[in-house]
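*Asks:* This is the structure I have questions about; it appears just below.
There are 2 protein chains.
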Amino acid sequence: MDTKKLVVGIDIGGTNTKFGMVDRIGNIYAEENISTPLYSDFEDYINALKNVIEKLEKDVEDAEIIGIGIGAPNGNHNTGEISFAANLPWQGTLPIVAKLQRFFPSICITLDNDANAAAIGEMIYGGAAKMRDFIFVTLGTGVGSGFVANGEMIYGHDGLAGELGHVIVEKNGRQCGCGRCGCLETYTSAPGIKRTISELLALSNEDSIFRHKSLDEFEAKDIATAAQNGDKIANDAFAITGETLGLALANAVTITVPEAIFLFGGLAKAGDLIFKPTIASFEKNVLKVWKNKIKILPSELQNKDVSILGSASLAWNSINRGLC
Amino acid sequence: MDTKKLVVGIDIGGTNTKFGMVDRIGNIYAEENISTPLYSDFEDYINALKNVIEKLEKDVEDAEIIGIGIGAPNGNHNTGEISFAANLPWQGTLPIVAKLQRFFPSICITLDNDANAAAIGEMIYGGAAKMRDFIFVTLGTGVGSGFVANGEMIYGHDGLAGELGHVIVEKNGRQCGCGRCGCLETYTSAPGIKRTISELLALSNEDSIFRHKSLDEFEAKDIATAAQNGDKIANDAFAITGETLGLALANAVTITVPEAIFLFGGLAKAGDLIFKPTIASFEKNVLKVWKNKIKILPSELQNKDVSILGSASLAWNSINRGLC
């Protein structure tokens with residue numbers, strides 16, 4: 001029997017670190033899971049990664065690991081370091097690729113942040129498989145993005161490019177966690193649409209279930225449910241969110257002109273509620289030459305294990321491109 | 001004596017078509033010039049290009065032409081076609097690369113639009129020579145741009161990427177020639193700063209030489225002169241133009257994170273008048289992680305023959321990258 005050439009995808013989260021042995025077409029052969037905060041010392045954590053990787057290779061019969069892909073908050077593809085990630089237990093700059101490479105000197109190891117990992121996952125395993133130019137947008141707790149142009153992720157001079165969530169869309173707009181005001185993610189993230197609910201409750205006299213709940217008592221998905229049940233404030237909130245997102249995307253495409261834009265994350269799960277007003281606003285606002293030419297699509301990773309597939313795709317992408 | 005390996009740069013304008021024989025470091029060995037509208041038939045024009053190219057090769061002793069670069073309005077790098085260029089005498093889609101390639105089957109021929117040609121000129125002959133990530137912005141009759149990421153021009157799916165001038169910066173803003181409202185170029189082009197003068201004359205009671213001139217009677221460079229002479233309206237117009245441009249650039253860098261942004265064209269010649277408020281607004285509006293890290297610089301092609309160097313650089317770039 002031939003050796004199965006596999007990669008290990010590692011998704012580092014504040015709570016769990018997930019591992020998966022994945023082949024070129026997205027089959028997951030084995031998975032593991034460890035607690036991230038259990039390892040208060042970063043060297044101990046690196047040793048735990050090493051042990052799990054070695055165990056996985058033994059667990060899958062006739063498997064050979066040819067790559068390791070790591071998705072992590074604030075993971076920098078250019079430097080191989082994780083820098084100042086607020087949700088992880090270790091301080092400062094963590095040279096995770098260099099440390100892991102010592103244990104696996106002949107294996108290709110690639111690091112990236114979560115949004116880029118998901119974008120490359122879309123390219124390797126999802127709807128962007130044959131595309132050289134696309135934009136991937138996550139609408140979650142924040143708004144993240146990955147821009148692929150000429151078949152390559154745009155990393156920028158410092159490895160931190162693709163921060164669509166921090167494009168300023170309203171001068172003197174909503175206060176953002178980044179210290180500025182009016183960033184896209186204060187409008188089109190899950191917390192952003194809740195802020196729009198608050199704004200609409202102030203502006204309108206319309207009744208709504210959200211008049212009777214505190215902000216702690218509902219989430220973005222409850223707004224989707226309310227909208228489906230006919231709550232006008234909830235429907236208006238989606239219409240406004242789509243209007244804002246569509247304009248921001250119409251502006252973004254003037255720079256990279258993608259074949260398609262993929263939407264991913266909690267808000268994207270609301271389906272037509274978010275896609276319809278986003279596409280309408282995009283088509284209204286986009287430069288004439290691109291009208292009806294750029295698709296806005298749901299991510300095909302939405303219902304798959306994006307954390308493992310995204311990080312595994314980082315390794316396959318490096319291997320496919322002959323980078324290691 | 002060794003053969004000199006040169007390229008021909010061809011800049012196609014509505015009035016003149018300029019030719020130059022250029023080496024790898026920007027020396028121009030010979031130049032020619034023909035009238036563009038003299039050739040009402042496109043086939044005749046192609047024959048004229050062929051004849052001039054052959055003449056140039058004879059004119060320079062021991063020269064061998066190894067590439068041809070063509071800069072043209074609406075020139076599309078991906079297709080090698082010029083499409084619907086309003087200022088050129090021929091209608092429809094013009095497959096200029098394919099037609100010229102018939103005469104020079106073994107020579108690398110590359111087409112691009114003017115803004116991209118200037119951007120690649122900055123990369124081959126100017127301040128971006130060692131950069132893999134930069135933005136080039138022309139502030140002229142319109143606002144054009146070229147985005148280079150990972151050492152490659154971003155062309156996008158259709159070859160038309162990099163239209164920074166058509167990012168909408170004001171909802172319901174100034175009417176743009178593209179049929180929409182609020183595009184950057186309605187504010188930060190040469191006509192844009194004139195519109196800002198009109199707006200300021202309406203808003204303020206301040207005296208100004210522009211109260212005594214019709215819009216036909218002055219140009220953007222007269223606003224620079226007036227500002228240097230202490231005209232407050234003129235100074236305010238530059239301050240506002242820089243404010244708008246700086247915010248648009250702060251938003252653009254979130255996508256590609258360049259090492260530097262180069263400003264080129266009529267307005268960029270105003271020096272500190274435009275650079276100071278642009279940099280101040282950029283630094284005020286940019287995401288914290290990039291504060292004081294991204295340079296905004298005058299193009300080093302500003303006082304060189306950008307039309308010939310830009311188009312010649314297209315050929316050298318294709319040759320350097322092994323594309324032909």
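Those sequence lines, one after another, are chains E and Y. Each residue of the first sequence is one higher than the last, beginning at 1 in this note's numbering. Each residue of the second sequence is one higher than the last, beginning at 1 in this note's numbering. Beta carbons: idealized from backbone N, C-alpha and C, even for Gly.
Can you give, in chain order, each stretch of the beta strand (DSSP E) that sits fully within the segment 133 to 168 of chain Y and has at least 3 residues?
*Replies:* Taking only runs of at least 3 residues, the beta strand (DSSP E) segments lying wholly in the segment 133 to 168 of chain Y are 134 to 139 and 143 to 149.
*Asks:* In three-state terms, what does DSSP make of Val7 of chain Y?
*Replies:* On the second sequence, residue 7 of chain Y is found 7 positions in, with the first residue counted as 1. Note: Val7 of chain Y maps to strand in three-state DSSP.
*Asks:* Decide if Leu139 of chain E is buried, meaning its Cβ has at least 16 other Cβ atoms within 10 Å, or exposed.
*Replies:* For the purposes of this step, residue 139 of chain E is taken as the residue at position 139 of the first sequence. Its Cβ being crowded by 16 or more others within 10 Å, Leu139 of chain E is buried.
*Asks:* Counting pairs of Cβ atoms below 8 Å between the segment 59 to 67 of chain E and the segment 5 to 13 of chain E, do you hit three or more?
*Replies:* Yes: the two stretches touch, three or more of their Cβ pairs being nearer than 8 Å.
*Asks:* Can you list, in chain order, the residues of its chain with a C-beta nearer than 6 Å to that of Ala234 of chain E? Leave out the 5 residues immediately preceding and following it.
*Replies:* Residue mapping note: residue 234 of chain E aligns to position 234 of the first sequence, counting from 1. Cβ neighbours of Ala234 of chain E beyond the five flanking positions: Ile223, Ala226 and Ala227.
*Asks:* Between which two residues does the alpha helix (DSSP H) holding Leu100 of chain Y run?
*Replies:* If you number the second sequence from 1, residue 100 of chain Y lands on position 100. Its alpha helix (DSSP H) spans residues Ile96 to Phe103.
*Asks:* Taking only three categories from DSSP, how would you classify Ala338 of chain E?
*Replies:* Limits of chain E in this structure are 1 at one end and 324 at the other, which puts residue 338 of chain E out of reach.
*Asks:* Quick check: what's the CA-CA separation for Ser313 of chain Y versus Phe136 of chain Y?
*Replies:* Sequence index remark: in the second sequence, residue 313 of chain Y carries index 313 (1-based). Sequence index remark: in the second sequence, residue 136 of chain Y carries index 136 (1-based). Straight-line Cα distance between these residues: approximately 14 Å.
*Asks:* For His157 of chain Y, which residues in chain E fall below 7 Å Cβ to Cβ?
*Replies:* Indexing the second sequence from 1 puts residue 157 of chain Y at position 157. Those within 7 Å of His157 of chain Y in chain E are Asp133, Val257, Pro258 and Glu259.
*Asks:* Quick check: Leu309 of chain Y and Tyr155 of chain Y, are their CB atoms within less than 7 Å of each other?
*Replies:* Against the second sequence, residue 309 of chain Y aligns to sequence position 309. Against the second sequence, residue 155 of chain Y aligns to sequence position 155. The answer is no: Cβ separation not under 7 Å.
*Asks:* What number of angstroms, rounded off, separates the C-alpha of Lys213 of chain E from the C-alpha of Glu206 of chain E?
*Replies:* Translated into the one-based positions of the first sequence, residue 213 of chain E becomes position 213. Translated into the one-based positions of the first sequence, residue 206 of chain E becomes position 206. Cα to Cα, the separation comes out at about 15 Å.
*Asks:* Along the chain, where does the beta strand (DSSP E) containing Leu297 of chain Y start, and where does it finish?
*Replies:* Taking the second sequence and counting its residues from 1, the one referred to as residue 297 of chain Y is at position 297. Lys295 to Pro298 is the extent of the beta strand (DSSP E) around Leu297 of chain Y.
*Asks:* What would DSSP say about Met21 of chain E, mapped onto helix, strand or coil?
*Replies:* Your numbering for residue 21 of chain E matches position 21 in the first sequence. Met21 of chain E: strand per DSSP, three-state reduction.
*Asks:* What do you reckon, are the CB atoms on Gly14 of chain E and Asn87 of chain E nearer than 7 Å?
*Replies:* One-based indexing of the first sequence puts residue 14 of chain E at position 14. One-based indexing of the first sequence puts residue 87 of chain E at position 87. Yes, the Cβ-Cβ distance between Gly14 of chain E and Asn87 of chain E is below 7 Å.
*Asks:* Give me the Cβ distance between Leu267 of chain Y and Ala190 of chain Y, rounded to the nearest whole Å; I'm assuming they're in contact under 8 Å.
*Replies:* Within the second sequence, the letter at position 267 stands for residue 267 of chain Y. Within the second sequence, the letter at position 190 stands for residue 190 of chain Y. Right, their Cβ atoms sit about 6 Å apart.
*Asks:* Considering only the alpha carbon of each residue, which of Y:Gly20, Y:Asn150 and Y:Leu94 lies closest to Lys304 of chain Y?
*Replies:* Translated into the one-based positions of the second sequence, residue 304 of chain Y becomes position 304. Ranking Y:Gly20, Y:Asn150 and Y:Leu94 by Cα distance to Lys304 of chain Y puts Y:Gly20 first.
*Asks:* Since Asp158 of chain E and Val257 of chain Y are thought to touch, with beta carbons under 8 Å apart, how far apart are those beta carbons, to the nearest angstrom?
*Replies:* In the first sequence, the residue the question calls residue 158 of chain E occupies position 158. In the second sequence, the residue the question calls residue 257 of chain Y occupies position 257. With a Cβ gap of about 6 Å, Asp158 of chain E and Val257 of chain Y count as contacting.
*Asks:* With distance defined between alpha-carbon atoms, name the residue in Y:Ile209, Y:Leu263, Y:Lys288 and Y:Val286 nearest to Gly326 of chain Y.
*Replies:* Missing from the structure shown is residue 326 of chain Y; chain Y here goes from 1 to 324 and no further.
*Asks:* How would you call Thr349 of chain E, buried or exposed, if buried means at least 16 neighbouring beta carbons within 10 angstroms?
*Replies:* Here chain E covers residues 1 to 324 and nothing more, so residue 349 of chain E does not appear.
*Asks:* Note the first and the last residue of the continuous beta strand (DSSP E) segment covering Ala30 of chain Y.
*Replies:* Indexing the second sequence from 1 puts residue 30 of chain Y at position 30. Its beta strand (DSSP E) spans residues Ile28 to Ser35.
*Asks:* For a test of the three-state rule: what should DSSP assign to Asp112 of chain Y, helix, strand or coil?
*Replies:* As a working note, residue 112 of chain Y is residue 112 in the second sequence. Asp112 of chain Y: strand per DSSP, three-state reduction.
*Asks:* Consult DSSP for Gln228 of chain E and reduce its assignment to one of helix, strand or coil.
*Replies:* The sequence position of residue 228 of chain E within the first sequence is 228, counting from 1. In the structure shown, Gln228 of chain E sits in a helix (DSSP, three-state: H, G or I).
*Asks:* Do Thr241 of chain Y and the ligand PLP come close, with the Cβ less than 6 Å from some heavy atom?
*Replies:* Looking at this structure, you won't find the ligand PLP or any other ligand, since it has none at all.
*Asks:* For Ile82 of chain Y, decide whether its Cβ has a neighbour in chain A, counting only Cβ atoms nearer than 7 Å.
*Replies:* In the structure shown, chain A cannot be found, because the protein chains are E and Y.
*Asks:* Between the segment 313 to 322 of chain Y and the segment 109 to 121 of chain Y, do three or more beta carbon pairs fall short of 8 Å?
*Replies:* Flag = yes, the segment 313 to 322 of chain Y and the segment 109 to 121 of chain Y touch.
*Asks:* With 16 other CB atoms within 10 Å as the buried threshold, where does Phe147 of chain E fall?
*Replies:* Counting from one through the first sequence, the residue named residue 147 of chain E turns up at place 147. Burial call: buried.
*Asks:* So, is the C-beta of Glu152 of chain E closer than 7 Å to a C-beta in chain Y?
*Replies:* Taking the first residue of the first sequence as position 1, residue 152 of chain E is located at position 152. Yes, because at least one Cβ of chain Y sits closer than 7 Å to the Cβ of Glu152 of chain E.
*Asks:* Flag this pair as touching only if the segment 286 to 294 of chain E and the segment 75 to 82 of chain E have three or more C-beta atom pairs under 8 Å; answer yes or no.
*Replies:* No, the segment 286 to 294 of chain E is not in contact with the segment 75 to 82 of chain E.
*Asks:* Taking only three categories from DSSP, how would you classify Ser83 of chain Y?
*Replies:* Counting from one through the second sequence, the residue named residue 83 of chain Y turns up at place 83. Note: Ser83 of chain Y maps to strand in three-state DSSP.
*Asks:* Using a C-beta to C-beta distance shorter than 7 Å, which residues of chain E count as neighbours of Cys178 of chain Y?
*Replies:* Start at 1 with the first residue of the second sequence, and residue 178 of chain Y comes out as number 178. Neighbours of Cys178 of chain Y on chain E, chain order: Leu287 and Lys288.
*Asks:* Note down, in chain order, every chain E residue with its Cβ under 7 Å from the Cβ of Gly162 of chain Y.
*Replies:* Residue numbering aside, residue 162 of chain Y sits at position 162 when the second sequence is read from its first letter. Residues of chain E passing the Cβ test: Ile255.
*Asks:* Please name the residue or residues paired with Gln175 of chain E in a DSSP beta bridge.
*Replies:* Numbered from its first residue, the first sequence carries residue 175 of chain E at position 175. Note: Gln175 of chain E sits in a beta bridge opposite E:Cys181.
*Asks:* Could you give the residue range of the beta strand (DSSP E) that holds Leu263 of chain Y?
*Replies:* Here residue 263 of chain Y refers to the residue found at position 263 when the second sequence is read from its first residue. From DSSP, the beta strand (DSSP E) with Leu263 of chain Y extends over Ala260 to Phe264.
*Asks:* Can you pull the chain Y neighbours of Val167 of chain E, defined as C-beta to C-beta under 7 Å?
*Replies:* Position 167 of the first sequence, counted from the first residue, corresponds to residue 167 of chain E. Result: Asn251 and Thr254.
*Asks:* Kindly indicate if chain E contains any beta-carbon less than 7 Å away from that of Ala117 of chain Y.
*Replies:* On the second sequence, residue 117 of chain Y is found 117 positions in, with the first residue counted as 1. Closer than 7 Å: no.
*Asks:* So, is the C-beta of Phe325 of chain Y closer than 7 Å to a C-beta in chain E?
*Replies:* Chain Y is shown from 1 up to 324; residue 325 of chain Y falls before or after that span and cannot be answered.
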